[in-house]
Amino acid sequence: MLKRFFILSASLMLFTSLANAPLVVYSVSAGSITFRSDAPMELIKASSTELKGVFNADKKQFAFTIFIKTFKGFNSPLQQEHFNENYLESDKFPRASFEGKIIEDIDLSKDGIYSIRAKGNLTIHGVAEERIIKCELTIKKAVVSVKSNFTVLLADHNISIPKVVHEKLASEIKVEVKADLIAK
Amino acid sequence: MRLKILLQCTVFLLLLSFKLAAQDTTDLMSQLEKELGGDEKEFTNYTTATFKTTRLINGHSVENVGKGVMDVKISHRFGQVNGGAYELFGLDNATMRMGFDYGITRALMVGIGRSTFEKTYDAFFKLKILRQSKGKKNMPITLSYVPTVALKTLKFEDPSRENYFSSRLFFTHQLIIGRKFSEHTSLQLMPTFSHHNLVQLNTDPNDLIAVGIGGRQKLTKRLSFNFEYYYQLPDYKLAGTTNALSVGFDIETGGHVFQLHFTNSRGMSERTFVSETKGKWEKGDILFGFNISRVFTIGKRH
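Respectively, the protein sequence lines represent chains Y and S. Position one of the first sequence corresponds to residue 3 (our numbering), numbered consecutively onward. Position one of the second sequence corresponds to residue 558 (our numbering), numbered consecutively onward.
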């Protein structure tokens with residue numbers, strides 16, 4: 003009786019773990035975000051290498067996040083301070099994130115370059131906006147590299163530009179994301 | 558007995574495997590957040606912008622200029638507003654200080670200045686000893702040390718007597734303990750010790766002690782209300798002096814900060830406003846003044 007129970011439970015365990023087998027979660031091993039504000043009077047560029055994220059290949063779901071305070075490369079320390087204090091309000095909204103699903107089906111086991119679309123909520127300055135963002139995936143030896151260029155309208159995320167800096171701050175910010183993901 | 562333990566182990570493992578199977582239904586983002594340990598452990602979140610600039614009104618705030626940044630400060634104090642219309646409420650008389658501050662590192666800045674008031678040169682450095690932060694490192698306050706030396710170059714009152722160069726020197730040591738309580742509210746305490754080599758009266762002490770308190774309340778993103786008060790200990794103050802009280806506004810526009818204020822103090826270096834203020838608010842001995850700060854980045858990108 004007991005023996006049978008053992009066998010049953012052992013096979014059940016095996017079954018449940020087998021059912022989980024294709025669950026492959028990739029996570030960011032190296033990731034960076036660079037943004038650019040190209041205004042008539044001033045070019046502002048800053049980047050962070052602290053991009054974190056996970057990708058569930060099974061469900062095609064992803065989640066990326068970054069601490070706003072980790073952005074560096076501003077034209078002056080004061081500019082960095084104003085970026086955090088006045089524009090992104092990083093004490094109130096410490097992170098930006100993008101989470102959602104990939105539209106296309108891709109086979110991550112095949113090396114190659116794929117063009118995909120990621121659909122999800124882009125949250126900056128506490129304001130979420132649904133976006134479809136084109137990405138280029140390069141799969142090589144089980145490493146998934148993501149590259150994407152897109153723009154963010156400050157107005158979409160409730161970031162207002164005072165009149166005095168209109169010439170120094172673009173209303174449309176160019177963003178470049180790069181990340182390498184590996185299976186956990 | 559042994560079988561019973563084995564049975565319990567199996568049930569436990571069984572439950573565990575179910576639990577593992579259930580886990581992939583949880584939200585990916587919350588999983589990621591869990592991994593990052595929330596905002597708490599992953600990194601140190603240093604408090605920035607406790608004040609808009611390195612001066613509160615007359616005295617120093619806990620702020621430093623950034624590394625490789627030159628801050629040019631032009632400050633004016635007009636005459637007393639109770640001078641009336643004849644003096645255009647003090648605007649006929651102005652004293653001025655121009656100063657240059659420079660950030661050597663993030664924690665150390667140096668500065669020099671020249672005031673028209675008693676033709677005084679001053680020099681200081683400001684060292685940040687503690688930095689308010691949350692997260693990996695937790696620190697409730699920012700602590701700075703600011704020693705200042707002032708050199709009064711006004712001609713000696715009585716050139717016939719023997720005058721020493723040392724009589725022109727004044728030393729001030731100040732600790733600033735500051736905390737940003739919220740996005741809008743910051744407060745600081747400033748215990749201040751001054752040494753005057755030469756004082757006017759026999760009965761005046763050479764060592765003077767005062768405790769300052771100051772703060773700011775942000776009214777909008779770019780406008781804040783500031784106050785600053787220096788209380789002099791009764792036994793360690795010069796005769797006939799009053800405590801300096803100043804109130805004002807900071808207006809920030811990109812690289813500039815404009816500070817407009819009312820104060821009962823005429824001087825703009827520590828030794829004058831902390832220990833030689835003569836004006837009395839209740840009598841209308843109030844002076845209007847302003848500081849303009851413009852930063853120039855000399856070092857590389859940040």
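Think of the CB as a built atom: it goes at the ideal place given N, C-alpha and C, for glycine as much as any other residue.
May I ask which residues mark the beginning and end of the alpha helix (DSSP H) holding residue i?
i, result
"Pro79(Y)", "79-84"
Which residues mark the beginning and the end of the beta strand (DSSP E) in which residue i is found?
i, result
"Phe590(S)", "Correcting the residue identity first, residue 590(S) is Glu in this sequence and not Phe. Looking at the DSSP string, Glu590(S) is not in any beta strand (DSSP E); the run it does join, the alpha helix (DSSP H), is 585-593."
"Glu827(S)", "Taken as a continuous stretch (DSSP letters only), Glu827(S) belongs to no beta strand (DSSP E), being part of the alpha helix (DSSP H) at 827-832."
"Ile631(S)", "626-637"
"Ser31(Y)", "27-40"
"Tyr786(S)", "780-789"
"Gly616(S)", "Note, Gly616(S): premise wrong, no beta strand (DSSP E); not H, not E."
"Ser672(S)", "665-672"
"Ile855(S)", "Premise fails: Ile855(S) is in no beta strand (DSSP E) and is neither H nor E."
"Glu132(Y)", "129-142"
"Glu177(Y)", "Correcting the residue type first, residue 177(Y) is Val in the shown sequence and not Glu. It spans 174-185 - the beta strand (DSSP E) in which Val177(Y) sits, taken as one unbroken run."
"Thr810(S)", "801-810"
"Leu758(S)", "Element bounds for Leu758(S): n/a, residue is neither H nor E."
"Val146(Y)", "145-155"
"Arg654(S)", "651-660"
"Ala48(Y)", "45-50"
"Val814(S)", "813-820"
"Asn602(S)", "601-603"
Cβ atoms of residue j and residue i: under 7 Å apart, would you say?
i, j, result
"Tyr89(Y)", "Ala185(Y)", "no"
"Val831(S)", "Tyr787(S)", "yes"
"Met586(S)", "Glu52(Y)", "no"
"Thr834(S)", "Ser826(S)", "no"
"Lys170(Y)", "Glu44(Y)", "yes"
"Val26(Y)", "Lys54(Y)", "no"
"Ser850(S)", "Asp679(S)", "no"
"Glu138(Y)", "Ser117(Y)", "yes"
"Val626(S)", "Thr699(S)", "no"
"Lys685(S)", "Asn621(S)", "yes"
"Gln789(S)", "Ala767(S)", "yes"
"Ser150(Y)", "Ile126(Y)", "no"
"Lys142(Y)", "Asp113(Y)", "yes"
"Asp842(S)", "Gln637(S)", "yes"
"Thr72(Y)", "Ser50(Y)", "yes"
"Leu665(S)", "Val56(Y)", "no"
"Ala59(Y)", "Leu110(Y)", "yes"
"Thr760(S)", "Val166(Y)", "no"
"Val129(Y)", "Asn86(Y)", "no"
"Thr677(S)", "Ala707(S)", "yes"
Which residues in the same chain have their Cβ closer than 6 Å to the Cβ of residue i, if we skip the five residues on either side of it in sequence?
i, result
"Lys737(S)", "Thr604, Thr607, Ser743"
"Ile105(Y)", "Arg119, Lys121"
"Thr153(Y)", "Glu174, Lys176"
"Lys515(S)", "Outside the displayed span of chain S (558 to 859) sits residue 515(S), for which this structure offers no information."
"Gly75(Y)", "Lys47, Ala48, Ser49"
"Ile614(S)", "Asn783, Glu785, Ser803, Gly805, His818"
"Arg654(S)", "Ser632, Gly670, Ser672, Met825"
"Arg133(Y)", "Leu124"
"Pro762(S)", "Tyr793"
"Glu178(Y)", "Thr36, Asn151"
"Pro704(S)", "His730"
Sorted by chain position, which residues of the same chain lie with C-beta nearer than 7 Å to residue i's C-beta, five sequence neighbours on each side aside?
i, result
"Thr582(S)", "Per-residue confidence for Thr582(S) stands at a pLDDT of 39, beneath the threshold of 50, marking its modelled position as unreliable; no derived number is given."
"Leu776(S)", "Phe782"
"Ala41(Y)", "Glu169, Lys170, Leu171, Ala172"
"Leu755(S)", "Ser724"
"Ala23(Y)", "Unreliable placement is indicated for Ala23(Y), whose pLDDT of 46 sits below 50; the coordinate value is still reported in the next sentence. For Ala23(Y), where only same-chain residues beyond five positions count, there are no Cβ hits under 7 Å."
"Thr662(S)", "Lys624"
"Asp861(S)", "It is not possible to answer for residue 861(S), since the shown part of chain S is limited to 558 through 859."
Does the beta-carbon of residue i, which I'm using as the reference point, lie nearer than 6 Å to any heavy atom of the ligand ADP?
i, result
"Tyr89(Y)", "For the structure depicted, the ligand ADP is absent and the ligand set is empty, with no information on it obtainable."
Am I right that residue i and residue j are in contact with their C-beta atoms under 8 Å? What's the rounded C-beta distance?
i, j, result
"His818(S)", "Gly836(S)", "13 Å between Cβ atoms; not a contact."
"Gly616(S)", "Gly769(S)", "6 Å"
"Ser99(Y)", "Ala65(Y)", "7 Å"
"Arg612(S)", "Asn800(S)", "Wrong, their Cβ atoms sit about 19 Å apart, outside the cutoff."
"Ile163(Y)", "Leu156(Y)", "6 Å"
"Phe713(S)", "His753(S)", "Actually they are not in contact, since the Cβ atoms of Phe713(S) and His753(S) sit about 15 Å apart, beyond 8 Å."
"Lys103(Y)", "Lys62(Y)", "5 Å"
"Leu844(S)", "Thr820(S)", "6 Å"
If you drop the 5 nearest sequence neighbours on each side, which residues of the same chain put their C-beta closer than 8 Å to that of residue i?
i, result
"Ile808(S)", "Arg779, Leu780, Val814, Phe815, Gln816, Leu817"
"Pro96(Y)", "Phe69, Ile70, Lys71"
Could you name each continuous alpha helix (DSSP H) segment of 4 residues or more that falls completely within the segment 53-119 of chain Y, going from the start of the chain to the end?
-> 79-84
Can you list, in chain order, the stretches of the beta strand (DSSP E) that have 3 or more residues and sit fully within the segment 725-751 of chain S?
-> 726-737
Beta strand (DSSP E) runs contained entirely in the segment 675-704 of chain S, provided each spans 3 or more residues = 677-687, 690-692
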